[in-house]
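Read the structure below first, then the notes.
Protein chains: 6
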Amino acid sequence: MTSTNVKRCDGRLENQLRPFSFQRQFTKYAEGSVLVCCGETKVLCNASVEERVPPFMRGQGRGWVTAEYSMLPRATHTRSMREAAKGKISGRTQEIQRLIGRSLRAVTDLEAMGEITVQIDCDVLQADGGTRTASITGAYIALYDALNHLVTKGVLNELPLKDSVSAISVGIVAANPLLDLDYQEDSNADVDMNFVITGTGKFVEVQGTAEEEPFSLEQLDELRNLALQGCRELTSLQRQSLDLES
Amino acid sequence: MTSTNVKRCDGRLENQLRPFSFQRQFTKYAEGSVLVCCGETKVLCNASVEERVPPFMRGQGRGWVTAEYSMLPRATHTRSMREAAKGKISGRTQEIQRLIGRSLRAVTDLEAMGEITVQIDCDVLQADGGTRTASITGAYIALYDALNHLVTKGVLNELPLKDSVSAISVGIVAANPLLDLDYQEDSNADVDMNFVITGTGKFVEVQGTAEEEPFSLEQLDELRNLALQGCRELTSLQRQSLDLES
Amino acid sequence: MTSTNVKRCDGRLENQLRPFSFQRQFTKYAEGSVLVCCGETKVLCNASVEERVPPFMRGQGRGWVTAEYSMLPRATHTRSMREAAKGKISGRTQEIQRLIGRSLRAVTDLEAMGEITVQIDCDVLQADGGTRTASITGAYIALYDALNHLVTKGVLNELPLKDSVSAISVGIVAANPLLDLDYQEDSNADVDMNFVITGTGKFVEVQGTAEEEPFSLEQLDELRNLALQGCRELTSLQRQSLDLES
Amino acid sequence: MTSTNVKRCDGRLENQLRPFSFQRQFTKYAEGSVLVCCGETKVLCNASVEERVPPFMRGQGRGWVTAEYSMLPRATHTRSMREAAKGKISGRTQEIQRLIGRSLRAVTDLEAMGEITVQIDCDVLQADGGTRTASITGAYIALYDALNHLVTKGVLNELPLKDSVSAISVGIVAANPLLDLDYQEDSNADVDMNFVITGTGKFVEVQGTAEEEPFSLEQLDELRNLALQGCRELTSLQRQSLDLES
Amino acid sequence: MTSTNVKRCDGRLENQLRPFSFQRQFTKYAEGSVLVCCGETKVLCNASVEERVPPFMRGQGRGWVTAEYSMLPRATHTRSMREAAKGKISGRTQEIQRLIGRSLRAVTDLEAMGEITVQIDCDVLQADGGTRTASITGAYIALYDALNHLVTKGVLNELPLKDSVSAISVGIVAANPLLDLDYQEDSNADVDMNFVITGTGKFVEVQGTAEEEPFSLEQLDELRNLALQGCRELTSLQRQSLDLES
Amino acid sequence: MTSTNVKRCDGRLENQLRPFSFQRQFTKYAEGSVLVCCGETKVLCNASVEERVPPFMRGQGRGWVTAEYSMLPRATHTRSMREAAKGKISGRTQEIQRLIGRSLRAVTDLEAMGEITVQIDCDVLQADGGTRTASITGAYIALYDALNHLVTKGVLNELPLKDSVSAISVGIVAANPLLDLDYQEDSNADVDMNFVITGTGKFVEVQGTAEEEPFSLEQLDELRNLALQGCRELTSLQRQSLDLES
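Residue numbers (this note's numbering), protein chains in the order written: chain A, 33 to 278; chain B, 33 to 278; chain C, 33 to 278; chain D, 33 to 278; chain E, 33 to 278; chain F, 33 to 278.
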């Protein structure tokens, strides 16, 4: 794979992330509150602590991490109807919020949390592709802050985190494997994959869909490699944001 | 009314507004996008233009302005459930969105708009009292920007606005009439009123509720005067934000 | 304000109520059951006693008064769809039932009730304007009867009522401030206000909306005075109906 | 069957109807509006004319008669929750409204109506057993009045009715076949049947349920005979109410 | 009634059932699982045992039998929409599932069951008329097997069944009373009746509807006789399937 | 990977499929109707042809393939509630039906179909793991039959299929990569992946989730290889079922 001759609208290389930033403590009530910006994609990730677990888990001594996801109606080019107004949550929204929850639970030591729930809310203020992966990457920091808040308060002795987690999209556009697709690229992609990968380089989720054209073994491998590289960089950015020695 | 001996938590005088700010173009897709901050209350007001009207209005040649309102789940001290997850919109939300829509329509020349809808979305990012009045005050600016966008595009010849509009809460707390209640004050108020008033000092909406104790004619008049003064100041801040000669 | 030269369809003076009547014990099961007629507007107000309170209030020793409101499908000129068939309650209905509940609670001594709920059902059999204000005025009598039933049964020692309450609409039609608008007048009103006022002349709710034209301070005051007069008369009619010495 | 030794609470004979009355023009907007009272059971039957048919019937030149049924929350001893508040219509309600609609269509000449819908609303103000049969019996008169209104207006040349229709409940209580059960009797019935029978003595609907004990061929025949007699009497009362020569 | 000169599409006599079969243990998890075939109508009847009763019945020591009914979307000539996708259960479905439940409870000794629920699921794989009656006839066998399973496990001492139950449709097609209508016949029937009858020949449910033409006393009696004969035959087939001495 | 020392409950090798069978024409109305059995998992896949497309696609000259998925309540060990009764479709169901639809569209030439919809219904009669992959594998045959029906009728000139498609689950259980997990294995899997692969060995969907433990690059590759082998075998079985030369 050579990146010399592909032109991306914003001038990025094939294997280049958009600018990422994390604004912690974006709102004042949530125990963790992060505005994650990935290019023009902006997601507010709030983590709320509740000192109880859902009914089906009571009495087991384990914690829970769950997520909800929503787009503001005008996060996109054209206004979309609120799901509250429709009275039901779309299949797409449910897929995404289940994905975010699973991804965060994969790196959390639920046993060590005790009967505490961290509820993550990912609300997309502005969307330009990659909202679900940006949500996971930002939500990890909000989760970290919320759990740290419990350590500071003395509710937990140490952070119940086994690893960190980030996520990125990759895809094949006009036969080129690209990292971190924006909305325009995503709309034209033949293949669209999302990878959720831990800080130590293990896979939590792999989701790939051939929108137009089924893809080969070689293409699968190339996309996987791009994603591994992208998540390594995101891991490093997460650590900087959390002031952890890298 | 003398303001010498009342102590408000944040040191304000009885008849003093919280700091207000308007950030225009807060998101990039909406034709009008304003983040209004009123103290710690932060509401994102997006105005979306659709070049058609709802079915029940077609063929009449008139425009429409309507509004939706929502709180992010963790806009408040305790997380509240999403209305999309509940599958229905609460009575409170419906009251507020109907109020915002009526208030904006009262100053818009719907005849002059032609068959165009401006859809306002007020999403509360952080709530500290006064979210419905801040929504109206901010939404007016978003509406202005969206209509101005139509003038710039040549769709409209001139701004179809008959007046400006702003809103403020007033109330009686511990026997003192106060302007612009924050959450703490609102929770302790015996009487809570919201006024929607035009830039020329006329009333669009008057809503007063005795939470605990019915109120007298004298108290009604005192609250009305506070509100008139508050909206005069808000009108001035709106004009500054829109770079209009005041 | 001179009432000499305004013509109302039914020949009333500007400040004249429509004929009001209260039929108590209209149905036989409800602890309080009142058919209130206000001109051609007819509302059945049933008050049901439950000797428990909603879950969120248990264990506080306080009572609760709440209300539901509905129109029969053919209460109006044109048949409207049932809310049960639509599967949801409209914003207008929710606003009205919240208003009725708040108005009654404002004159009830909830502490003195103990953990008892009075559930008010206002069902409009025929609508000709003013259904929400007639509901409040009639519901007060149903509430009185239901509470009196508890006194008679020995569940309560005395009536837990701090005051009486009634409600009336006022509005500006063709520049004239009018008392107690019927449907035709209401449809043509520039300003529409509802006042809920206690028997001792204090304000419980003030709700004014400029349907077409924002209104001035002078108009607000004139409407307020009409409403105060109207509610004084309604208070007197309520007392007659309840056989109380006036 | 001898009626000498059965004691009914209200002193009726086994084969005796409760007092029936029909108040026509009970409300003023509906084209047909009848308050039917059957003992303490009181149902308001409104018939509304719409000069169109549901989408699935358009262009066929035929008319339609349909019905909705509802109980006011406090029509019964204990208040029941509104179906609008629950957000769905119970199976019982749906069964009843389908039954009413079928019964009325069975005597209506839909071809002769043209593309007109008569929508029947049966709202139970007070329930003491037999609400569905009283609804049918009263709705027939409301339907008659609504169709007659169309004849008077010149929309129809003659009444598109092939027969009249009425309905009655019968049942076996303590081994006695009884006509027209009230709530108390219905609660104790081993068998409960509803018959819908035309003015000329033909069957439109037969619905029998063994609540406790399956019933024999002889019992079936006895109940059928009671119902035939009851509906003959109801037919006569309907004709009197409509001022038709019997 | 002479059956010599009526031609039925499939060559049956007027009083002849379609071929019936019962496949027990059709699926492996349900305590009772029966595929009932009645000509081309195929219904899977699963009976599930839950060792508790619904909340409203707890503590009474009685059991419960209830049923749900559904058609696969393509059980019919034209695909119909899933009720899950519509978000609500139709009136027809609710009527049918209430009928199935009542029919089975009528022959079950609920007192003898203890606090156990048998939940019947009737899922129509293919529909050619008579799905509700086939459901009842098949569900009885599934119920028998599920209760027998409880006897075998030692939870019950003996089968809590007071009688057996089966059901059949009859109708009048082109003036001929016919037994066991298929879809084609049912679509052309002037009268359609369903009978639910016990093994000992007693009536549990009688439901007759004049789709087009009200029917006479003589016709009612003829249909009743056909149904009694049909259910006698079904009872015999049920006993064979259950290997009971007839 | 050596398969010598892993014990699977049913004696299969690590890389061995369960017995698969396809019963075509399982029901008589659907244009394609296949009962697919994969061990104890049994899914009825019906394909229905509608000669129109959904509103959002009209006038484009392209076809559509879409899918719905449901489990019968007692397809599983414990009865689960119907989604129709709950009034909404779960996130899991929506994910699965979107997956089935995308998988089939990936091998269909929608342009060549013209404005025709094939609606696939996958109803699980019995579930023992792998219901979504069995659904896809069986639905392909139902789709083939439905499209072939259109060729036979002369509506289409040739089969608008670009490739075939099948799907299989793989996972890591107790550190062993296994092909085609049954329910028991799936419940204990640390990693669970579903692959949708065309007859020519290209990927349509890749979905992997670490339920317990994130997985390494090597494990990802091993699972991918198992899936490729499994789908090659399924392709061959599909061709046999369709009587195509392999």
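All residues carry an ideal CB built from backbone N, CA and C; glycine is no exception.
Between which two residues does the alpha helix (DSSP H) harbouring residue i extend?
i	result
V13 (chain B)	No statement about residue 13 (chain B) is possible, as the shown extent of chain B runs from 33 to 278 and does not include it.
Y215 (chain B)	Y215 to S219
A159 (chain A)	Here A159 (chain A) belongs to no alpha helix (DSSP H), and DSSP marks it neither H nor E.
K118 (chain D)	E115 to K118
Over what stretch of residues does the beta strand (DSSP E) that includes residue i continue unbroken?
i	result
K74 (chain A)	T73 to E82
Q55 (chain E)	F52 to R56
C69 (chain F)	G64 to C70
T98 (chain C)	W96 to M103
Q48 (chain D)	Counting along the chain, Q48 (chain D) falls outside any beta strand (DSSP E), and DSSP gives it neither H nor E.
Q239 (chain C)	F235 to A242
S201 (chain F)	V197 to V205
N257 (chain C)	Taken as a continuous stretch (DSSP letters only), N257 (chain C) belongs to no beta strand (DSSP E), being part of the alpha helix (DSSP H) at L249 to S273.
L211 (chain F)	N208 to L211
Report buried or exposed for residue i, applying the criterion of at least 16 other Cβ atoms within 10 angstroms of its Cβ.
i	result
N189 (chain D)	exposed
M113 (chain B)	exposed
G161 (chain B)	buried
M33 (chain A)	Unreliable positioning characterises M33 (chain A) in this predicted model, as indicated by a pLDDT of 43, which lies under 50. A coordinate reading is not provided.
Q270 (chain E)	buried
R284 (chain E)	A question about residue 284 (chain E) goes unanswered here, because the residues of chain E that appear run from 33 up to 278.
L45 (chain E)	exposed
V183 (chain E)	exposed
R50 (chain C)	buried
T36 (chain D)	Note that T36 (chain D) has pLDDT 49, beneath the 50 cutoff, so the model's placement of it is unreliable and the number below is only indicative. Exposed, by the Cβ-count rule.
S53 (chain E)	exposed
F88 (chain B)	exposed
D42 (chain D)	exposed
Q92 (chain E)	exposed
D153 (chain D)	buried
Counting only Cβ-Cβ distances shorter than 9 Å, please list the residues of the segment 241-260 of chain B near chain C, keeping chain order. For the segment 241-260 of chain B, which is checked against every Cβ of chain C, the residues closer than 9 Å are T241, A242, E243, E244, E245, P246, F247, S248, L249, Q251, L252, D253, R256 and L260.
What are the residues of the segment 105-117 of chain E that lie near chain F, defined by any Cβ-Cβ distance shorter than 9 Å? Those residues of the segment 105-117 of chain E that come within reach of chain F (Cβ to Cβ, closer than 9 Å) are P105, R106, A107, T108, H109, T110, R111, R114, E115, A116 and A117.
Check whether the segment 113-124 of chain C and the segment 59-67 of chain C are in contact - that is, three or more C-beta pairs closer than 8 Å. Touching, no, given that fewer than three Cβ pairs across the two stretches are closer than 8 Å.
Taking Cβ-Cβ distances below 7 Å as the criterion, which residues of the segment 119-137 of chain B are in contact with chain A? For the segment 119-137 of chain B, which is checked against every Cβ of chain A, the residues closer than 7 Å are G119, K120 and I121.
Give me the subset of the segment 42-60 of chain C whose CB atoms are less than 9 Å from a CB atom of chain D, sorted by chain position. For the segment 42-60 of chain C, residues whose beta-carbon sits nearer than 9 Å to a beta-carbon of chain D comprise F58, T59 and K60.
Minimum length 4: unbroken alpha helix (DSSP H) runs contained in the segment 128-153 of chain F: Listed in chain order, they are 142-145.
Determine contact between the segment 72-81 of chain E and the segment 172-180 of chain F, defined as no fewer than three beta-carbon pairs at a distance below 8 Å. By the Cβ rule, the segment 72-81 of chain E does not count as touching the segment 172-180 of chain F, because fewer than three pairs are nearer than 8 Å.
Residues of the segment 213-245 of chain D with Cβ closer than 7 Å to any Cβ of chain C, in chain order: So nothing in the stretch comes that close.
Contact between the segment 198-217 of chain F and the segment 142-162 of chain F (3+ Cβ pairs under 8 Å): Between the segment 198-217 of chain F and the segment 142-162 of chain F, the count of C-beta pairs closer than 8 Å reaches three or more; the two stretches touch.
Residues of the segment 135-160 of chain F with a CB closer than 8 Å to any CB of chain E: list them in chain order, please. Close to chain E, meaning a Cβ-Cβ distance shorter than 8 Å, are the following residues of the segment 135-160 of chain F: Q151, D153, D155, L157 and Q158.
Closer than 9 Å, Cβ to any Cβ of chain A: which residues of the segment 168-195 of chain B, in chain order? Along the segment 168-195 of chain B, none of the residues has a CB nearer than 9 Å to a CB of chain A.
Within 9 Å of chain D by C-beta, residues of the segment 91-104 of chain C in sequence order: Within the segment 91-104 of chain C, those residues whose Cβ lies closer than 9 Å to any Cβ of chain D are, in chain order, E100, S102 and L104.
Flag this pair as touching only if the segment 201-208 of chain D and the segment 100-110 of chain D have three or more C-beta atom pairs under 8 Å; answer yes or no. By the Cβ test, the segment 201-208 of chain D is not in contact with the segment 100-110 of chain D, since fewer than three Cβ pairs between them sit closer than 8 Å.
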